[in-house]
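Colleague: If you count the sequence shown from 1, you need to add 1041 to reach this note's numbering.
Built from N, CA and C at the ideal position, the CB exists for glycine as well.
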Amino acid sequence: MDSLNPDHPPLTATPATPRVWKFWGTAVWGLFIFVAMFVGQIGAVLLLAAQRGLPMDLASLQLVGREPQTLALSVIMGLPATLAAVWLAIRIKKASFVDYLALHWPSWKQLLFGAVGLILIVLLWETMSRALGREATPGFMTDLLKTGRDKGAALLLLAAFAVAAPMSEEVLARGFLYRGWSASFLRAPGAILMSSLVWTIVHLQYDMYFLAEVFAIGLWFGYMRYRSGSLWLTIVLHALNNLTAVVLTMWLGS
1042 MDSLNPDHPP LTATPATPRV WKFWGTAVWG LFIFVAMFVG QIGAVLLLAA
1092 QRGLPMDLAS LQLVGREPQT LALSVIMGLP ATLAAVWLAI RIKKASFVDY
1142 LALHWPSWKQ LLFGAVGLIL IVLLWETMSR ALGREATPGF MTDLLKTGRD
1192 KGAALLLLAA FAVAAPMSEE VLARGFLYRG WSASFLRAPG AILMSSLVWT
1242 IVHLQYDMYF LAEVFAIGLW FGYMRYRSGS LWLTIVLHAL NNLTAVVLTM
1292 WLGS
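#1: Give the single residue among 1279, 1274, 1293 whose Cα lies nearest to the Cα of residue 1151.
#2: From 1095, 1180, 1100, 1067, pick the residue whose C-alpha is nearest to that of residue 1251; which is it?
#3: With DSSP run on the structure shown, which of helix, strand or coil describes residue 1108?
#4: Give me the residue from 1235, 1082, 1253 with the minimum Cα distance to residue 1118.
#5: Do residue 1134 and residue 1060 come within 9 angstroms of each other at the CB atom, strictly closer than that value?
#6: So residue 1291 and residue 1186 are in contact, right, with Cβ under 8 angstroms, and what is the actual spacing, rounded?
#7: Can you list, in chain order, the residues of its chain with a C-beta nearer than 7 angstroms to that of residue 1147? Leave out the 5 residues immediately preceding and following it.
#8: Using 9 angstroms as the threshold, is the C-beta distance between residue 1070 and residue 1189 below it?
#9: Write down the C-beta distance between residue 1202 and residue 1116 rounded to the nearest angstrom, noting that I regard them as a contact closer than 8 angstroms.
#10: Tell me the rounded alpha-carbon separation between residue 1168 and residue 1098.
#11: Just mark residue 1209 as buried or exposed, buried being the case when its beta carbon has 16 or more other beta carbons within 10 Å.
#12: Output the distance between the C-alpha atoms of residue 1288 and residue 1198, rounded to the nearest integer angstrom.
#13: Please report how far the alpha carbon of residue 1283 lies from the alpha carbon of residue 1114, in whole angstroms.
#14: Rounded to the nearest angstrom, how far is the Cβ of residue 1263 from that of residue 1225, given a contact under 8 angstroms?
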């Protein structure tokens, strides 16, 4: 038999090279995904303005967009747009959506470790805020959440900030961007740093102090993505962080 003949060794299957966008491909598609998210969010504002018969001008859109219900729907509508854009980018590579984004459930130990680390980071920033005499939550967010609560939009805001926003942002940052950049010359450390920076830029409505906090939390999320190999872990941690902030601001006045 050929398998026993040294002149004709048995054929061995060569593992297929993972189909992954590398540095520039990930960067370009990441920009496309961000634009898709923005279009989805703006689309919700345009739809609500049209339903009210308002003119499609900047003043009308700003008026509608400042309402808590509109903002919540805008964040929610950004999720399907983000998922569609990510699916397209991965589909072109003919890769598995689940495997590309590491949509695998983490162990309870990993979840506990990630939660403890997140709590310590948040407590550290809370302590720094008190020492500096700063508010723990940006003022405009406090006003938005309390106004939304008083106008009966509490559940909608919870769905937006504790479900839709974590999923959209994690799929983009720790999902798509981390996956591609970690397979490039950046490797895991560079991918953690770059994806955290992009995630911070998404929150430019905050001042520099809160942006520094967002960046620190992003580094922890990136490390947990690397350590666990699970995007679901960072989605859950992100959701818990946002849920706690929303509940405390709405009902406990913190």
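Modeller: If we stick to the structure as given:
#1: Here residue 1151 refers to the residue found at position 110 when the sequence shown is read from its first residue. Comparing Cα-Cα distances from residue 1151 to each of 1279, 1274, 1293, the minimum goes to 1274.
#2: To locate residue 1251, count along the sequence shown from 1; it is residue 210. When each option's Cα is compared against that of residue 1251, the closest is 1180.
#3: Numbered from its first residue, the sequence shown carries residue 1108 at position 67. Of the three classes helix, strand and coil, the one that applies to residue 1108 here is coil, per DSSP.
#4: The count along the sequence shown starts at 1 and reaches residue 1118 at position 77. The candidate whose alpha carbon is nearest that of residue 1118 is 1082.
#5: Along the sequence shown, one-based indexing puts residue 1060 at 19. Along the sequence shown, one-based indexing puts residue 1134 at 93. Yes, the pair counts as a contact, with Cβ atoms nearer than the cut-off.
#6: By one-based count along the sequence shown, residue 1291 stands at place 250. By one-based count along the sequence shown, residue 1186 stands at place 145. So it is a contact: roughly 5 angstroms between Cβ atoms.
#7: Working through the sequence shown from its first residue, we reach residue 1147 at position 106. If we look at residue 1147 and ignore the five residues flanking it on each side, its Cβ neighbours are 1269, 1271, 1273, 1274.
#8: Counting from one through the sequence shown, the residue named residue 1070 turns up at place 29. Counting from one through the sequence shown, the residue named residue 1189 turns up at place 148. No, Cβ-Cβ distance for residue 1070 and residue 1189 is not below 9 angstroms.
#9: As a first step, residue 1202 must be located in the sequence shown, where it is residue number 161. As a first step, residue 1116 must be located in the sequence shown, where it is residue number 75. Correct: roughly 7 angstroms between the Cβ atoms.
#10: Against the sequence shown, residue 1168 aligns to sequence position 127. Against the sequence shown, residue 1098 aligns to sequence position 57. Rounded to the nearest angstrom, the two C-alpha atoms are 44 angstroms apart.
#11: The residue you call residue 1209 lines up with position 168 of the sequence shown. Counting Cβ neighbours within 10 Å, residue 1209 comes out buried, since at least 16 surround it.
#12: What you label residue 1288 is simply residue 247 of the sequence shown in a count that begins at 1. What you label residue 1198 is simply residue 157 of the sequence shown in a count that begins at 1. Taking the straight line joining both Cα atoms gives about 10 angstroms.
#13: For the purposes of this step, residue 1283 is taken as residue 242 along the sequence shown, with counting starting at 1. For the purposes of this step, residue 1114 is taken as residue 73 along the sequence shown, with counting starting at 1. Distance between the alpha carbons of residue 1283 and residue 1114: 16 angstroms.
#14: Numbered from 1 along the sequence shown, position 222 holds the residue referred to as residue 1263. Numbered from 1 along the sequence shown, position 184 holds the residue referred to as residue 1225. That pair is no contact at about 15 angstroms.
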